[in-house]
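Chemist: Can you keep this structure in mind? I'll have questions shortly.
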Amino acid sequence: MLKKIFGKVSFLCTSLFGGVGRAPARLLIQRANLSSDKDSFAVPTGGLLPPRRHAWTADLEDMRSFYTVILSPERIPVRVLFFDDHTPPIIGYSDGCSSVDKNVHGLGIVMWDVHDGTAASPDKPAGSGQWAHDACPLWFVDRCLAHTNKIICPFELYASICWMLTFRHMFKGNRRLAVYQDNGSAWSLMVHGFSDSVLMSEGGNVYHLVRAALGVDKWTEHVPSLGQMADLPSRWPERHSDPKLRKHLTAFQKLNMSQVELVHPSQDEWLSPISLFDKIRLEMQ
Amino acid sequence: MEKGVLSAGFNLSELISFVMHCNPRDLPKDTDGNVDFPSRVSKRFGPDQLQKFRPIDDGTSNGLNYELILMLEIIAPISAEYPARVASAIYQRFSHPPDGSQQRSMPEITVATDDVDMAYKRAPVSGYEIIAYFNPHVKCIATGNMGDVVWHVSFGLPFGYVSSVSSWCRVPALMAMVARRKFACLCDSYIDDWCIVDFADAESSSQDTLHVLHTAFKLPLAACRQPYCANCNKHPLPPSVQQRANPAKCKRRRHAAFADFLGFVIDFSFVTSTGCVIIKPKTERCARILSELDDCAEALQLSPSLAKKNIR
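Note that the protein sequences, when read in sequence, are chains A and B. Residue numbers for the first sequence follow this note's numbering, beginning at 1 and rising by one. Residue numbers for the second sequence follow this note's numbering, beginning at 1001 and rising by one.
Next up, the structure:
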């Protein structure tokens, strides 16, 4: 039954918006891969009770609640494919920077739009861009440290969510998105929406719900760290007094890139991403 | 048996004569004197598919799935996006003609679906499968008591083997190529489900062509073609005829602005006005998934073995 439900959910979700709903299905596949009923225990009245590990847990109930909401007729993500789509995609870079020892956790995002009407010049390609940086909120840092010491992967994913929230107004006109990510785990989750890690699954679920709410046709590509444009702003909280970094950031100014304020998801929205999904959907109407 | 995909029931002696074309006494034997009959035994199970049981051979437990696995998947199945991608290609062709001629407005596009009747069982294969079951109402020749094993020979691909999927998919892949190149049909298949995109003015000519092609290949589509069937008729039927029920086996859906394909509703009604196709999941499908999760929650448990039992 589990594998059957997992198969149905995965097929349904991946056919629409890639990863929507795949992360919560992690519980189904983990349960289906448990070995057997060998540790059933006898009860005094006779017979066997199923093992406790086969019980319907609070996590499974949360998963059911999630699907009950997202698969309801008024919320189910609908995909619209437009034909006359010659506009080049918006290009996005997002990056996270973390140093647990120094207690510095930075986020950086960069957006470039070739199609905003600004002509190319000898010093600058066509289009214009924006960038933003900020420190990662403490609630998210604490949440990451509670799960793992390697917190860079969830940071990278968090930065990509911030990217979509910050530049969400750009997708009202049915624009496509080409987004670049240098972290392999985050990149995989941004494509497939599935991870064994609890924390990454949470982030993946938020990411794909935001994407579905925006209705954006997105392509995610891996980029080496040296080509990651958002690397510089992500290091801002750590090295903002570093003259070398300042010099590099002037390159952004030469490209006429403007700085904007980075938009975070709230802790409540992170824990209950359906509310974020509803909020963005309302904004996009 | 009526459709010719399964032989008549045999006893063991008749089966050997039928399959080996020889007397059971003359069967080849190995050095220990046992009959040398190269075969692989598999269990059979039947998952419940909406009040219907589909017999599935357990290709995992007998190792055949492992042995026959392909290192390279050569068939890429289409998704529910397929009709939208075809419509998009038509749009691009009309709005940006490659020969530089004048732009034309987007024509009305429709989508139809069809299903191959007993696809696996009619697939052209060189081998065969032997099916056995115990029938308590048959008299055993050897003992004279009631109850004996009945044997059938199946000439198609068995369900449950991974290799059956890729073997079958070669057939519609070839047919799609023929239909596209020789008859200009915009069609493709997901396993045995066909999706046909056509111009509304063409009045289902692509679907009719595919039907003729399938019939010529001796792989008929699951379309009854009865005069009173609303699925098979190109034009709306009068109300008096509509009241008659459609045959249960008819899976044809004629060209329309809406189509159900792979569990999704494909909406072509905005193609000419807005230039877009809308894809949304069928509400019944979502409800079914939720119902299954609710059943698990109500039972307050879900074990892997229960899962396997329910699957098989």
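Where is the CB? At the ideal position from N, CA and C, for every residue including glycine. Fair warning: this is a prediction, and the values are worked out from it, not measured in the lab.
#1: Rounded to whole angstroms, what's the CA-CA distance from residue 210 of chain A to residue 198 of chain A? Just pull it up for me.
#2: Please go through the region 258-282 of chain A and give each complete beta strand (DSSP E) segment of 3 or more residues, from N-terminal end onward.
#3: What do you reckon, are the CB atoms on residue 92 of chain A and residue 163 of chain A nearer than 8 Å?
#4: According to DSSP, is residue 355 of chain A helix, strand or coil?
#5: Given a cut-off of 8 Å on the beta-carbon distance, is the pair residue 1111 of chain B and residue 1197 of chain B in contact?
#6: Measuring only the C-alpha atoms, how far is residue 1280 of chain B from residue 1290 of chain B?
#7: Residue 1280 of chain B versus chain A: which residues are under 7 Å apart at the beta carbon?
#8: Around the C-beta of residue 1134 of chain B, are 16 or more other C-beta atoms found within 10 angstroms, so that it is buried, or is it exposed?
#9: Which residues in chain A have a C-beta closer than 8 Å to the C-beta of residue 1082 of chain B? List them in chain order.
#10: Can you check DSSP and say which residues form a bridge with residue 177 of chain A?
#11: Step through the CB atoms of chain A and report whether any lies within less than 8 Å of the CB of residue 1283 of chain B.
#12: Using 10 angstroms around the beta-carbon of residue 1113 of chain B, count the other beta-carbons present and answer buried if the total reaches 16, otherwise exposed.
#13: Please go through the same chain and pick out, in chain order, the residues whose beta-carbon is closer than 8 Å to the beta-carbon of residue 1058 of chain B, but skip the five residues on each side of it.
#14: Take the Cβ of residue 79 of chain A as the centre, count every other Cβ of all protein chains shown within 10 Å, and call the residue buried at 16 or more, exposed below.
#15: For residue 1310 of chain B and residue 1184 of chain B, what's the separation of their Cα atoms in angstroms?
#16: Which of the three DSSP states, helix, strand or coil, is assigned to residue 1129 of chain B?
#17: Does the Cβ of residue 1251 of chain B have 16 or more other Cβ atoms within 10 Å, making it buried, or fewer, making it exposed?
#18: Would you call residue 1053 of chain B buried or exposed, if buried means 16 or more other Cβ atoms sit within 10 Å of its Cβ?
#19: To which residues of the same chain is residue 1263 of chain B closer than 6 Å at the C-beta, ignoring the five residues directly before and after it?
#20: DSSP three-state label for residue 182 of chain A, please.
#21: Please classify residue 229 of chain A: does DSSP put it in a helix, a strand, or coil?
#22: Is there at least one Cβ from chain A nearer than 8 Å to residue 1195 of chain B's Cβ?
#23: Using only the alpha-carbon positions, how far apart do residue 1063 of chain B and residue 1040 of chain B sit?
#24: Measuring alpha carbon to alpha carbon, tell me which residue in A:122, A:151, A:270 is nearest residue 101 of chain A.
#25: Taking only beta-carbon atoms, is residue 84 of chain A less than 8 Å away from chain B?
#26: Using 8 Å as the threshold, is the region 248-264 of chain A in touch with the region 123-131 of chain A, meaning 3 or more CB pairs across them?
#27: With H, G and I counted as helix, E and B as strand and the rest as coil, what does DSSP make of residue 1036 of chain B?
#28: Tell me, to the nearest whole angstrom, how far the beta carbon of residue 1268 of chain B is from that of residue 1109 of chain B; I am working on the premise that it is less than 8 Å.
#29: By the 7 Å beta-carbon criterion, what residues does the region 1266-1279 of chain B contribute toward chain D?
#30: Could you name the residues of chain A that residue 1216 of chain B contacts, counting a contact when the two beta carbons are closer than 8 Å?
#31: Can the beta-carbon of residue 302 of chain A be found less than 8 Å from the beta-carbon of residue 176 of chain A?
#32: Could you check what DSSP says for residue 124 of chain A in three-state terms: helix, strand or coil?
#33: Answer with yes or no whether the minimum CB distance from residue 1169 of chain B to chain A is below 8 Å.
#34: Under the three-state reduction of DSSP, which class applies to residue 1121 of chain B: helix, strand or coil?
#35: Under DSSP, the beta strand (DSSP E) around residue 1152 of chain B begins and ends at which residues?
#36: Nearest CA to the CA of residue 1012 of chain B: which residue from B:1124, B:1093, B:1149?
Modeler: With the structure as the only source:
#1: 19 Å
#2: Taking only runs of at least 3 residues, no beta strand (DSSP E) segment lies wholly in the region 258-282 of chain A.
#3: yes
#4: An answer regarding residue 355 of chain A cannot be provided, because it is not within the stretch 1 to 285 covered by chain A.
#5: Yes.
#6: 17 Å
#7: The answer, in chain order, is 76, 78.
#8: exposed
#9: Here the premise fails: no neighbours, minimum Cβ distance about 11 Å.
#10: A:90, A:218
#11: By this cut-off, residue 1283 of chain B is an interface position.
#12: buried
#13: For residue 1058 of chain B, where only same-chain residues beyond five positions count, the Cβ hits under 8 Å are 1042, 1043, 1044, 1045, 1160, 1312.
#14: Buried.
#15: Confidence at residue 1310 of chain B is low in this model, with a pLDDT of 36, below 50, so the placement of that residue is unreliable and no value is reported for it.
#16: strand
#17: Buried, because 16 or more other Cβ atoms sit within 10 Å of the Cβ of residue 1251 of chain B.
#18: exposed
#19: 1282, 1285
#20: Looking at residue 182 of chain A - three-state DSSP - the assignment turns out to be coil, as it is neither helix nor strand.
#21: coil
#22: no
#23: 9 Å
#24: Per the Cα distances, A:151.
#25: Taking 8 Å as the CB threshold, residue 84 of chain A lines the interface with chain B.
#26: Judged by Cβ distances under 8 Å, the region 248-264 of chain A makes contact with the region 123-131 of chain A, as three or more pairs qualify.
#27: Coil at residue 1036 of chain B, not helix or strand.
#28: Going by Cβ atoms, the distance from residue 1268 of chain B to residue 1109 of chain B rounds to 6 Å, so yes, they are a contact pair.
#29: Absence of chain D from the displayed structure is noted, the protein chains being A and B.
#30: Correct list: empty, because the minimum Cβ distance to chain A is about 32 Å.
#31: With chain A covering only 1 through 285, there is no way to say anything about residue 302 of chain A.
#32: strand
#33: no
#34: Residue 1121 of chain B: helix per DSSP, three-state reduction.
#35: For residue 1152 of chain B, the uninterrupted beta strand (DSSP E) segment begins and ends at 1146-1154.
#36: Minimum Cα distance to residue 1012 of chain B is reached at B:1149.
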